[in-house]
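K.L.:
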Amino acid sequence: MSIFGSIKFVDLKQHNMQNITYNLSDIKERLHNSKAVTVLTGAGISAESGVPTFRGNNGLWKNFRPEDLATPEAFKSNPKLVWEWYDWRRRTLSTIKPNPAHIAIAEIEKRVKEFTLITQNVDGLHQLAGSKNVIELHGNIWRVKCLSCGRVSENREAPIRILPYCSCGGLLRPAVVWFGEMLEDNNLMKAVAAIDKCEFMFVVGTSGVVQPAASLALRAKDEGAFVVEVNIERTPLSASVDETCLGKAGDILPQLL
Ligand code: OAD
550 MSIFGSIKFV DLKQHNMQNI TYNLSDIKER LHNSKAVTVL TGAGISAESG
600 VPTFRGNNGL WKNFRPEDLA TPEAFKSNPK LVWEWYDWRR RTLSTIKPNP
650 AHIAIAEIEK RVKEFTLITQ NVDGLHQLAG SKNVIELHGN IWRVKCLSCG
700 RVSENREAPI RILPYCSCGG LLRPAVVWFG EMLEDNNLMK AVAAIDKCEF
750 MFVVGTSGVV QPAASLALRA KDEGAFVVEV NIERTPLSAS VDETCLGKAG
800 DILPQLL
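Structural data, given as structure tokens:
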């Protein structure tokens, strides 16, 4: 499976139902002995801050269809609906703060020589927690892109005017990556470079069903990194990683410091 494809769901069908026990002090030691560390995060890391995840019982995709809200075709046919949904998410996020898991990751970055955080999240909570070297694979909800002149700019209005327009007169869209779109080349190259040289990787709060992000964890494993997953449940990635720590990211990650 190529990492360089558009965003899509892929079921890796690798569920392994064994019970997992993990040794936190061993993980801690490996982390402390690693000079290059990469972390991949998904919506689950922001769940304890009150941000809804996409999948699962209370996930956004239970009540909304990604085809109607998170594809370029959806935006073309009904930009107002898509903007209303993003406006609702932006208003929710505007009152939300990072949680102990975001803070622990920012703290790990300070202690490691080479550190890269790759996030699928668009909420900006990692940066608010103090993370510096962040690759936002799926963009950022607080940025907008003009469909006419292509300019990307920060916009923190919540509520945002529906529909928002650029000073050039073009319609603005959220600067996020939708299903069917390619990730920004530069972001993906930087992510792959970080993966290829890391000795230790955390995969936190992601269901591991959206590509190419999920493949990054498998690639790290293939390239020889020690890969530790942190999730409240097993995922299709669990069978391939070295350890799965079952539990809340906000409980587990601070214990590693
Ligand atoms: P998902 O909603 O698919 O998965 C969230 C994961 O977090 C699940 O595996 C949960 O078990 C786990 N989780 C929930 N609470 C947790 C907690 N407190 N601690 C640890 N884990 C927890 O979110 P993503 O994997 O990020 O893309 O989804 C990937 C992409 O699909 C998103 O970036 C988004 C979505 O559709 C686009 O919109 C393009």
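Take the sequence shown: its letter number 240 is residue 789 in this note's numbering, and every next letter is one higher. Quick reminder that beta carbons are idealized off the backbone N, C-alpha and C, glycines included.
#1: Ends of the beta strand (DSSP E) at Ala596?
#2: Please report how far the alpha carbon of His675 lies from the alpha carbon of Asn627, in whole angstroms.
#3: Once you ignore the five residues that flank Asp633 on each side, which residues in its own chain have a CB closer than 7 Å to its CB?
#4: Less than 8 Å separating the Cβ of Arg604 from some heavy atom of the ligand OAD?
#5: Per the DSSP calculation, Met731 is bridged to which residue(s)?
#6: Please name the residue or residues paired with Asn780 in a DSSP beta bridge.
#7: Quick one: measure Cβ to Cβ for Gly754 and Asn780, integer angstroms, because I've assumed they're closer than 8 Å.
#8: I'd like to know whether the C-beta atoms of Arg722 and Leu686 end up nearer to each other than 9 Å.
#9: Restricting to Cα atoms, I'd like to know which of Leu795, Ser583, Gly605 is closest to Ala592.
#10: Between the alpha carbons of Val752 and Val631, how many angstroms are there, rounded?
#11: Is the Cβ-Cβ distance between Trp727 and Ala585 less than 9 Å?
#12: In chain order, what residues of the same chain have a beta carbon less than 6 Å from the beta carbon of Thr665, not counting five sequence neighbours either side?
#13: Less than 9 Å separating the beta-carbons of Leu806 and Ser789?
#14: Who does Cys695 pair with in a DSSP beta bridge?
#15: Return the chain-ordered list of same chain residues with a C-beta closer than 8 Å to the C-beta of Asn565, the five sequence neighbours on each side being excluded.
#16: Please confirm whether any heavy atom of the ligand OAD lies closer than 8 Å to the CB of Phe749.
#17: Between Gln760, Gly718, Arg705, Gly719, which lies nearest to Gly729 when the distance is taken from Cα to Cα?
#18: When you compare only the Cα positions, how much space is there between Ile576 and Gly599?
#19: Determine the burial state of Thr644: buried for a count of at least 16 other Cβ atoms within 10 Å of its Cβ, exposed for fewer.
#20: Give every residue of the same chain whose Cβ lies closer than 7 Å to the Cβ of Trp691, excluding the five residues on either side of it in the sequence, and list them in chain order.
P.N.:
The structure says:
#1: Premise fails: Ala596 lies in the alpha helix (DSSP H), 593-596, not in any beta strand (DSSP E).
#2: Those two C-alpha atoms are separated by around 31 Å.
#3: The sequence as given places Glu at residue 633; Asp does not occur at that position. Close CB contacts of Glu633 within its chain, under the 7 Å cut and outside five residues either way in sequence, are with Ile711 (chain order).
#4: Checking every heavy atom of the ligand OAD against the Cβ of Arg604, one is found closer than 8 Å.
#5: Paired residues: Ser555.
#6: Paired residue(s): Leu795.
#7: That belief holds up - the Cβ atoms of Gly754 and Asn780 are roughly 6 Å apart, short of 8 Å.
#8: Not closer than 9 Å, so no.
#9: Checked all of Leu795, Ser583, Gly605; the closest Cα to Ala592 is Gly605.
#10: Computed Cα separation, rounded: 29 Å.
#11: Result no, Cβ atoms of Trp727 and Ala585 do not sit closer than 9 Å.
#12: For Thr665, the CB contacts under 6 Å within the same chain, skipping 5 residues up- and downstream, are Thr587, Asn682, Ala743 in chain order.
#13: Not in contact: Leu806 and Ser789 (Cβ atoms no closer than 9 Å).
#14: DSSP lists Leu721 as partners of Cys695.
#15: At Asn565, the pLDDT of 40 sits below 50, so the modelled position is not reliable; the number obtained from the coordinates is stated separately. Within the same chain, Asn565 has close Cβ partners Arg783, Ser787, Ala788.
#16: For Phe749, the shortest separation between its Cβ and any heavy atom of the ligand OAD does not lie below 8 Å.
#17: Answer by Cα proximity: Gln760.
#18: The straight-line gap from Cα to Cα measures roughly 28 Å.
#19: With fewer than 16 other beta carbons inside 10 angstroms of its own, Thr644 counts as exposed.
#20: Taking C-beta separations shorter than 7 Å and ignoring five residues to either side along the sequence, the partners of Trp691 in its chain run Gly673, Glu703, Asn704, Arg705, following chain order.
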